[in-house]
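Data block below; observations after.
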Amino acid sequence: MTRGAAQDTLVADFNDLEAVEALFAANPDQIAAVIVEPVPGNMGLIPPLPGFLEGLRRLTTAHGALLIFDEVMSGFRVALGGAQALYGVTPDLTCLGKVIGGGLPIGAYGGRSELLTRVAPEGPVYQAGTNSGNPLSVAAGLATLEALAVPGALDGAIARTRRLARGLEAAGFEAGVPVVTPVVGTMFTPFLHTAVPTRLADVQRGDLPRFKRWFHALRDRGISIPPSQYEAWFTSLAHDDATIDATLEAAGDALRAIA
Ligand SMILES: Cc1ncc(COP(=O)(O)O)c(C=O)c1O
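Sequential numbering from 2 applies to the sequence shown in my numbering.
Given below as structure tokens:
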């Protein structure tokens, strides 16, 4: 990120609609677009508060700015139609990453045709990429989408995710270690907190050293979790009931070890 790009970027807290509103008021006709992870996983999973995404849609439309959803994590994970289907808020542009390549290198963006027709060869904006349309990535992506679209497949994964999340909270309660685990679709994060974080500052107030000890205690028990409290966890179709049970058993044991 160059200094110039940073200078041209305004930052507001996720879930703080008033802050976004204040930036629009302070920078009239200057804001081209609002870019947001609608279900952010990059500070641990923080669900959008009711009205936040709807408010972004309202503000961007009112000020003639684009609303861009980064669904690199949430696409196909929180619902087959991504966060925009789950919350019923339609952005102008959507970015997808490895999730649309079944985990292989690729990226994609989509949106309203009046925007996409501005891209070459129809329009003047040139774009190309090494992995654009890469056959292996696209085949993996299609196979993933077919597996997810089997009736009941994603719903089953979401149900197992909820069971895992509630089980982790219960294991924390039994071990005397506070655990709260927000879940959206197959994304979740067990925070070692007493209350569900709604902002980055809440995550920063958590017991980060203790999370580190939990990570190592779980690894010693054969379970590999994201190495930071600032990462979302994902379940996939491969995480069956037996995997969830084994994870819960190890997690409870590891929580008792770090209590
Ligand atoms: C939400 C989100 N957006 C964007 C990216 C960057 O994706 P890429 O490396 O495909 O540009 C990541 C990477 O993990 C991500 O998690």
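The C-beta atom is built at its ideal place from N, Cα and C for all residues, glycine as well.
All of these numbers come straight from a predicted model, not from anything done at the bench.
**Asked** Helix, strand or coil for residue 148 per DSSP?
**Response** Of the three classes helix, strand and coil, the one that applies to residue 148 here is helix, per DSSP.
**Item:** Where the beta strand (DSSP E) containing residue 159 begins and where it ends
**Value:** Residue 159 -> not in any beta strand (DSSP E); alpha helix (DSSP H) instead, spanning 154-176.
**Range of the contiguous beta strand (DSSP E) that encloses residue 182** = Residue 182 -> no beta strand (DSSP E), and no H or E assigned at all.
**Element boundaries [beta strand (DSSP E), containing residue 95]** = That run of the beta strand (DSSP E) goes 94-97.
**Prompt:** Is there contact here, the region 249-260 with the region 212-224, by at least three beta-carbon pairs under 8 Å?
**Reply:** Counting C-beta pairs with one atom in each stretch, the region 249-260 and the region 212-224 have three or more that are closer than 8 Å, which means they touch.
**Request:** Please find out if some non-hydrogen atom of ligand 1 comes closer than 6 Å to the beta-carbon of residue 115.
**Result:** For ligand 1, not one heavy atom lies less than 6 Å from the Cβ of residue 115.
**Asked** Beta carbon of residue 44: closer than 6 Å to some heavy atom of ligand 1?
**Response** No; taking the cut-off as 6 Å, the Cβ of residue 44 has no heavy atom of ligand 1 nearer than that.
**Prompt:** Which of helix, strand or coil does DSSP assign to residue 57?
**Reply:** Here residue 57 sits in helix by DSSP.
**Prompt:** The alpha helix (DSSP H) with residue 109 in it runs from where to where?
**Reply:** For residue 109, there is no enclosing alpha helix (DSSP H); the enclosing beta strand (DSSP E) covers residues 109-112.
**Message:** Given this structure, state the Cα-to-Cα distance separating residue 140 from residue 102, to the nearest angstrom.
**Reply:** Roughly 7 Å between the two C-alpha positions.
**Request:** Consult DSSP for residue 82 and reduce its assignment to one of helix, strand or coil.
**Result:** Under the three-state reduction of DSSP output, residue 82 falls in the coil class, being neither helix nor strand.
**Request:** Hey, could you find the ends of the beta strand (DSSP E) residue 36 is sitting in?
**Result:** Here the beta strand (DSSP E) through residue 36 covers 34-37.
**Prompt:** Going straight from the alpha carbon of residue 207 to that of residue 47, what length do you get?
**Reply:** Residue 207 and residue 47: Cα-Cα distance of roughly 14 Å.
**Message:** Please classify residue 262 as buried or exposed, where buried requires at least 16 neighbouring CB atoms within 10 angstroms.
**Reply:** Outside the modelled stretch of the chain, which goes from 2 to 260, sits residue 262, for which no answer is possible.
**Asked** Would you say the beta carbon of residue 40 comes nearer than 6 Å to a heavy atom of ligand 1?
**Response** Not under cutoff, so the answer is no.
**Message:** Residues in the same chain with beta-carbon distance under 6 Å from residue 249, minus the five sequence neighbours each way, listed in chain order, please.
**Reply:** Answer for residue 249: 168, listed in chain order.
**Euclidean distance between Cα positions of residue 227 and residue 245** = Looking at the two C-alpha atoms, the distance is approximately 16 Å.
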